[in-house]
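Asker:
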Amino acid sequence: MDMNQYLSMFIDESNDHLQSLNENMLQLEANPEDLGIVQVIFRSAHTLKGMAATMGFEDLASLTHKMENVLDMVRNEKLKMQDYIFDTMFKSLDALETMVQDITGGGEGKADVSSIVASLQAIESGEWTGGSAPVAKVDKQTNSSISNAVELDEFQYSVLDQSIAEGHRVFYVDVLVSEHSQLKGVRAYMVFDMLERSGEVVKAYPSVQDIEQEKFERSFSLYYITTKEAQELEKGIMSISEIESAKLIQLDQETLQQMTNQAAAAVAVEAAPAPAPEVGKDTPVLDSKPQEEGKAAPAKAATPKQAAAPSRTIRVDIERLDVLMNLFSELLIDRSRLEQLASETGNNDLSDTVAHLSRVSTDLQNIVLKLRMVPVDTVFNRFPRMIRDLAKTLDKKIDLVITGAETELDRTVIDEIGDPLVHLLRNAVDHGVESISERVAAGKPEMGTVNLRAFHSGNHVFIEIEDDGKGIYRDKLLQTAIKRGVVTEEQGAKMSDDEVNQLLFAPGFSTADKISDISGRGVGLDVVKSKITSLGGNVTITSTPGKGTNFSVQLPLTLSIIAAMLVRLGSEKYAVPLSSIVETAIVQREQVRNIHGNKMITFRESLIPYLSLSEVFGVPDFNDADEKETEIVVIRKGERLAAVAVEEFIGQSEIVLKSMGTYLPAIEGISGATILGDGQVALILDPNAFIK
Numbered sequence: 086m087d088m089n090q091y092l093s094m095f096i097d098e099s100n101d102h103l104q105s106l107n108e109n110m111l112q113l114e115a116n117p118e119d120l121g122i123v124q125v126i127f128r129s130a131h132t133l134k135g136m137a138a139t140m141g142f143e144d145l146a147s148l149t150h151k152m153e154n155v156l157d158m159v160r161n162e163k164l165k166m167q168d169y170i171f172d173t174m175f176k177s178l179d180a181l182e183t184m185v186q187d188i189t190g191g192g193e194g195k196a197d198v199s200s201i202v203a204s205l206q207a208i209e210s211g212e213w214t215g216g217s218a219p220v221a222k223v224d225k226q227t228n229s230s231i232s233n234a235v236e237l238d239e240f241q242y243s244v245l246d247q248s249i250a251e252g253h254r255v256f257y258v259d260v261l262v263s264e265h266s267q268l269k270g271v272r273a274y275m276v277f278d279m280l281e282r283s284g285e286v287v288k289a290y291p292s293v294q295d296i297e298q299e300k301f302e303r304s305f306s307l308y309y310i311t312t313k314e315a316q317e318l319e320k321g322i323m324s325i326s327e328i329e330s331a332k333l334i335q336l337d338q339e340t341l342q343q344m345t346n347q348a349a350a351a352v353a354v355e356a357a358p359a360p361a362p363e364v365g366k367d368t369p370v371l372d373s374k375p376q377e378e379g380k381a382a383p384a385k386a387a388t389p390k391q392a393a394a395p396s397r398t399i400r401v402d403i404e405r406l407d408v409l410m411n412l413f414s415e416l417l418i419d420r421s422r423l424e425q426l427a428s429e430t431g432n433n434d435l436s437d438t439v440a441h442l443s444r445v446s447t448d449l450q451n452i453v454l455k456l457r458m459v460p461v462d463t464v465f466n467r468f469p470r471m472i473r474d475l476a477k478t479l480d481k482k483i484d485l486v487i488t489g490a491e492t493e494l495d496r497t498v499i500d501e502i503g504d505p506l507v508h509l510l511r512n513a514v515d516h517g518v519e520s521i522s523e524r525v526a527a528g529k530p531e532m533g534t535v536n537l538r539a540f541h542s543g544n545h546v547f548i549e550i551e552d553d554g555k556g557i558y559r560d561k562l563l564q565t566a567i568k569r570g571v572v573t574e575e576q577g578a579k580m581s582d583d584e585v586n587q588l589l590f591a592p593g594f595s596t597a598d599k600i601s602d603i604s605g606r607g608v609g610l611d612v613v614k615s616k617i618t619s620l621g622g623n624v625t626i627t628s629t630p631g632k633g634t635n636f637s638v639q640l641p642l643t644l645s646i647i648a649a650m651l652v653r654l655g656s657e658k659y660a661v662p663l664s665s666i667v668e669t670a671i672v673q674r675e676q677v678r679n680i681h682g683n684k685m686i687t688f689r690e691s692l693i694p695y696l697s698l699s700e701v702f703g704v705p706d707f708n709d710a711d712e713k714e715t716e717i718v719v720i721r722k723g724e725r726l727a728a729v730a731v732e733e734f735i736g737q738s739e740i741v742l743k744s745m746g747t748y749l750p751a752i753e754g755i756s757g758a759t760i761l762g763d764g765q766v767a768l769i770l771d772p773n774a775f776i777k
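Residues in the sequence shown are numbered from 86 upward in steps of one, following the working numbering.
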């Protein structure tokens, strides 16, 4: 069978399972006694192992199998989770993620995990030195023919007995693999996989571990709960190649009791010659029962699985969504053209038809845009693990509180925002939150808090990263900036607190050495700001010394279709994104003042810069200096405002953002272009470029 056709599905599902494993492992670390979480983790690991084995990625399957063994001991209450075990399991997850990334890049999923495997083996065998741990169970090599039943413990017996009482079928299954088989373990795995699709394997002999490692002769036995008929199960088992025979005995409560007594007697006879060890206070207790696969949750959990509800979601290739968006963009342009033609012709029938087309296309637009919207949870879900590891490295206690993870953003923005958020979070943990001793000395709790929140506001999404750490001290930051040549002393003396905080994003800080407790906080933040700005967003900082710092990232909802104000300058038309407009107004020529060589106007009792768009772009047939009164658009970038002079407002419209392409160089102040209803091209302004 050619497995390449399933590779993309394997990669997607493996990443989903790895994310689930990380999230649930963090939950388990907070609640180490919750065996329900252990069950979820075990099932994810078991599924991942089976997928890897099927696809032929043996290293990945082998490591997952070792993890599964440890988890099996935990869920069977033969081992308690401790820090050493958590650290080892997290290292295992990192190794698995590296393997999956290698497979994604076209590799074979190979990695040197010998040290991790050795640690897992030591935990499993009880030889690890991280603390007291029970010794692993010892399997007894008994005859596995059908005449010798497999021993059950009390829990397994109660599960089978209760299942029979509830009307389910319980079978004792004995399978014989062909003596010519070269892959006994694979054939056995295929049998287990087939059975687990329609029921539950409660106990197997030899142990599942030994079967997968081919540590058995030719046969294996198991207890099985299902709703299927014996003939159907036997037919399914025999359909697997290289299976020589399959014997099934349906058990009632009486025969189950007889088989259990027989198995217990056989084990007692075999165990009799061995003297019982004297158990002292420090002596580890050995569990003499064979290692089982099925002991897991309460008895109800072992009953046959009900048919799952059909999936309501499908995976769609991102490129297909991009093609759909491009096609709809063309439709939107044609719609604008039709609306203009209908208005010019005055034909009522045409106007009605175009009006209906507009309503339908508006609904279609909403659906298409929603298809591209992705919850920020897809980015946020990797941060708890990152914060956990960083806190352990720095010997700090950090509580990451995530709110608003369901907030949706355009997929294009989601793809780009991850790295900037990683950098801001690392800064919050590394340079914001103090050490435990510093927090105690400051009268704060040992546990520092980092809040990561997302929320909608108008046409924007805000993502805030707030810590309760030391905050930013103006004087220290300003001294560092002056020393690094970012600003002069004269400039620094005139700067507001907000302007001083913005110095963290200056390029000079990205190469600064850690010469004080504050200088390191700005390492690389210039890259963060440039990335956010390239997405049409903005980032601001507010801080209270001694109390904490808040980084607020403002992002557009989408980068493809935006609402804009169309304006005219002579024969040229421009589009200004509505998300950046505060208001529009008309100013008289005498209201424009010249202050220190800069044009300014009074707006809401404060002075703001006045920019002539015709001068900026060299528009040949319009000059606002010749006008007695001029229309202005007041735009915003963070907390700063500016007034842009235009000739005329055309109106509000939804426009399709098109790239300028590779033929034209990047033009400051222009973020793209759009095609209007009359076929004319209008340039889309980038308001961020006009406010320095």
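Glycine is no exception: its CB is placed at the ideal position from the N, C-alpha and C atoms. Predicted model, so just to flag it, every value in this text is computed and none were measured.
1) Can you tell me whether G284 is helix, strand or coil according to DSSP?
2) Spatial neighbours of T311 within its chain, please: C-beta separation below 6 Å, excluding the five flanking residues on both sides.
3) With three or more C-beta pairs closer than 8 Å as the rule, is the stretch 515-524 touching the stretch 645-659?
4) Decide yes or no for the touch test of the stretch 625-639 against the stretch 691-711: beta carbon pairs closer than 8 Å, at least 3 of them.
5) Please work out which residues of its chain come closer than 8 Å, Cβ to Cβ, to F468, disregarding the five sequence neighbours upstream and downstream, and give them in chain order.
6) What's the C-alpha gap between Q104 and D97?
7) With three or more C-beta pairs closer than 8 Å as the rule, is the stretch 164-174 touching the stretch 111-123?
8) Have a look at the DSSP bridge pairing and note the partners of H545.
9) Under the rule that 16 or more other beta-carbon atoms within 10 Å means buried, what is L181, buried or exposed?
10) In whole angstroms, what separates the C-alpha of Q206 from that of S628?
11) With distance defined between alpha-carbon atoms, name the residue in E239, L245, T625 and K332 nearest to V276.
12) State the DSSP-derived secondary structure class of L770, mapped to helix, strand or coil.
13) Grab me the residues of V677's own chain with a C-beta within less than 7 Å of its C-beta, minus the 5 sequence neighbours each way, in chain order.
14) What does a CB cutoff of less than 7 Å around G757 pick up in its chain, not counting 5 residues either side in sequence?
15) Under a Cβ-count criterion, where at least 16 other Cβ atoms within 10 Å of its own Cβ denotes burial, should H150 be classed as buried or exposed?
16) Report the partner residues of V276 according to the DSSP bridge assignment.
17) In the DSSP assignment, find the beta strand (DSSP E) that holds I671 and state where it starts and stops.
18) Take the Cβ of L412 as the centre, count every other Cβ of all protein chains shown within 10 Å, and call the residue buried at 16 or more, exposed below.
19) Residues in the same chain with beta-carbon distance under 6 Å from D137, minus the five sequence neighbours each way, listed in chain order, please.
20) Pair every Cβ in the stretch 417-430 with every Cβ in the stretch 462-478, then say whether three or more of these pairs are closer than 8 Å.
21) Output the distance between the C-alpha atoms of M94 and E193, rounded to the nearest integer angstrom.
22) Indicate whether the contact test is met: 3 or more Cβ pairs, each with one atom in the stretch 580-593 and one in the stretch 660-679, closer than 8 Å.
23) Using the rule of at least 16 other Cβ atoms within 10 Å of the residue's Cβ for burial, across every protein chain shown, is N432 buried or exposed?
24) If you draw a straight line from the alpha carbon of S436 to that of S421, how long is it in whole angstroms?
25) For I740, which of S210, L442, T497 and S414 has the nearest alpha-carbon?
26) Does the Cβ of D709 have 16 or more other Cβ atoms within 10 Å, making it buried, or fewer, making it exposed?
27) Q335 bridges to which residues according to DSSP?
28) Can you tell me whether F540 is buried or exposed, with buried defined as 16 or more other CB within 10 angstroms of its CB?
29) For S326 and M140, what's the separation of their Cα atoms in angstroms?
30) With distances taken Cα to Cα, identify the nearest neighbour of E753 among I776, V766 and T759.
31) In angstroms with no decimal places, state the Cα-to-Cα distance between A649 and F547.
32) Find out if the Cβ-Cβ distance for the pair V244, S304 is shorter than 8 Å.
33) Could you work out which residue in E143, T189, P772 and D197 is closest to E297 when comparing CA atoms only?
34) Can you round the beta-carbon distance between E424 and V445 to whole angstroms, since I take them to be within the 8 Å contact cut?
35) Grab me the residues of N586's own chain with a C-beta within less than 7 Å of its C-beta, minus the 5 sequence neighbours each way, in chain order.
36) Helix, strand or coil, according to DSSP, for N623 in the structure here?
Answerer: Put simply:
1) strand
2) R254, S283, G284 and P389
3) no
4) no
5) L485, I487, L506, V507, L510 and L537
6) 11 Å
7) yes
8) S542 and P641
9) buried
10) 49 Å
11) K332
12) strand
13) K684, I686 and Y695
14) L742, K743, S744, M745 and I769
15) buried
16) Bridge partners of V276: none, in fact.
17) I666 to Q673
18) exposed
19) Asp is not the amino acid found at residue 137; the sequence shown has Ala there. L145 and A146.
20) no
21) 16 Å
22) no
23) exposed
24) 12 Å
25) S414
26) buried
27) F256
28) exposed
29) 18 Å
30) I776
31) 20 Å
32) no
33) E143
34) Wrong, their Cβ atoms sit about 13 Å apart, outside the cutoff.
35) I557, I626 and S628
36) strand
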